[in-house]
Every structure is written in C-alpha cells, then in structure tokens.
Amino acid sequence: MELKQSGSCGFLALYQRDIAAAVNIPVLLSSLLQVPLLQMMYSPKVRIGILTASKQALTPKHLEGVGIVHQDSLFIKGMESKEHFWTCIVEGERHNFDIKIMEQEIRESARELKKQHDIDVLILECTDLSAFSAAIQEDVQVPIFDINTLVELTQSALWRTTYNRHRFM
Numbered sequence: 001m002e003l004k005q006s007g008s009c010g011f012l013a014l015y016q017r018d019i020a021a022a023v024n025i026p027v028l029l030s031s032l033l034q035v036p037l038l039q040m041m042y043s044p045k046v047r048i049g050i051l052t053a054s055k056q057a058l059t060p061k062h063l064e065g066v067g068i069v070h071q072d073s074l075f076i077k078g079m080e081s082k083e084h085f086w087t088c089i090v091e092g093e094r095h096n097f098d099i100k101i102m103e104q105e106i107r108e109s110a111r112e113l114k115k116q117h118d119i120d121v122l123i124l125e126c127t128d129l130s131a132f133s134a135a136i137q138e139d140v141q142v143p144i145f146d147i148n149t150l151v152e153l154t155q156s157a158l159w160r161t162t163y164n165r166h167r168f169m
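Residue numbers (UniProt numbering): 1 to 169.
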C-alpha cells in the first residue's frame with residue numbers, strides 16, 4: 001500500500017473528513033492534521049505556532065475540520081505583511097520571485113512568531129513554506145512540522161523497512 005492522496009494547501013482542512021470518508025485510501029489534505037497529535041505528544045497546553053499564508057483566511061472551521069479541539073494554545077501568524085511573499089504566492093502577480101527575499105521574509109515571520117509567543121513547535125500550514133523549513137528551524141530552534149513530515153510519517157507506516165537498530169545512532 002502506498003500513499004496516494006495528499007493536499008497541496010493547508011486550507012484543504014475544510015474537506016479532510018468528507019474526502020477521507022468518500023475514498024478507501026489514506027488522505028492527508030493539510031499539515032494541520034498534526035496539531036492534535038502534537039497536543040497529545042506534548043500536552044494540550046503546548047504552545048504551537050502556525051505560520052500560514054493568510055491569518056485571516058485560516059478560520060476556526062479549518063482547525064475543527066482536522067480535529068483540533070484545543071485552540072487556546074495555538075498562535076497563528078500570516079504572511080500578509082511580507083510584500084514579496086504576498087504578491088508572488090498569494091496574489092500571483094509575479095512569477096519570477098527572488099528566492100533570497102522570499103526566504104528572508106519567511107524566516108523573519110517565523111522569528112516574529114517565536115518572539116511574540118514563545119512557541120514550543122511550529123506548523124507550516126502553507127506548503128509553499130515547506131521548502132524553507134530547515135532555514136526556519138535554524139532561526140527559531142523548535143521542531144518544525146509541515147505537509148512533508150505528515151506524508152513521511154504516514155508513508156513510513158504504509159511501507160515498512162527492515163528494522164535497523166543502528167538507524168538512530
């Protein structure tokens with residue numbers, strides 16, 4: 001068995017339950033699916049930062065759509081104030097973005113989120129942020145979760161490999 005359906009936008013959280021119920025394969029539409037797991041791994045009070053393309057667009061319905069019950073310890077920051085990201089990714093006005101400016105804006109947003117809310121972990125809601133996860137982690141020094149960590153976790157359960165006790169040494 002292999003993973004056949006994953007999403008490309010965290011906002012697809014609204015449709016997670018309906019699509020999963022309609023098919024007979026694993027469906028992962030949003031990196032936000034990891035929030036309840038993180039709350040169980042740490043505690044319901046873990047301070048989870050969510051970096052999203054648009055804070056205004058990420059509603060409580062999205063969070064409820066992936067089973068997030070405890071929203072008190074979630075801290076959401078959007079990329080609205082980052083001109084290059086916003087015009088290239090959200091508005092699609094530019095097709096030739098500068099990767100250095102993009103990375104700078106994303107790292108800056110993550111640092112601001114960490115400084116404002118002293119987060120313990122960070123979820124990247126927007127799949128466009130995933131390419132910068134290592135750079136973000138370098139700055140904020142917390143575990144980073146995105147659509148890739150979700151897909152890799154699920155894929156590792158679907159396609160097991162021979163146990164190697166030296167794997168983590």
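Even for Gly, the Cβ is constructed at its ideal location relative to N, Cα and C.
Where residue i sits in the DSSP three-state scheme
i	result
Lys114	helix
Lys4	At Lys4 the pLDDT is 49, less than 50, meaning the model places this residue with poor confidence; the figure from the coordinates comes in the next sentence. Coil, per DSSP.
Ile25	coil
Leu51	strand
Distance CB(residue i)-CB(residue j) smaller than 9 Å
i	j	result
Ala157	Ile136	no
Ser31	Thr149	yes
Leu58	Ile50	yes
Leu33	Gln56	no
Ile106	Val35	no
Val151	Leu74	no
Per-residue burial, residue i [other beta carbons within 10 Å of its own, 16 or more giving buried]
i	result
Ala53	buried
Gln71	exposed
Lys4	Low confidence applies here, because Lys4 scores a pLDDT of 49, under 50, leaving its location unreliable; read the following figure in that light. Burial call: exposed.
Val69	exposed
Met40	exposed
Glu93	exposed
Met1	Unreliable positioning characterises Met1 in this predicted model, as indicated by a pLDDT of 48, which lies under 50. A coordinate reading is not provided.
Val23	exposed
Glu125	buried
Ile89	buried
Ile48	buried
Phe97	exposed
Supposed close pair residue i, residue j - CB separation, criterion 8 Å
i	j	result
Asp120	Val46	5 Å
Glu108	Phe132	Actually they are not in contact, since the Cβ atoms of Glu108 and Phe132 sit about 11 Å apart, beyond 8 Å.
Thr127	Ile147	5 Å
Lys82	Leu113	12 Å between Cβ atoms; not a contact.
His95	Phe11	Not quite, the Cβ-Cβ distance comes to about 22 Å (not below 8 Å), so this is no contact.
Handout entry: Contiguous alpha helix (DSSP H) assignments of at least 4 residues, all confined to the stretch 63-133
Key = 99-117
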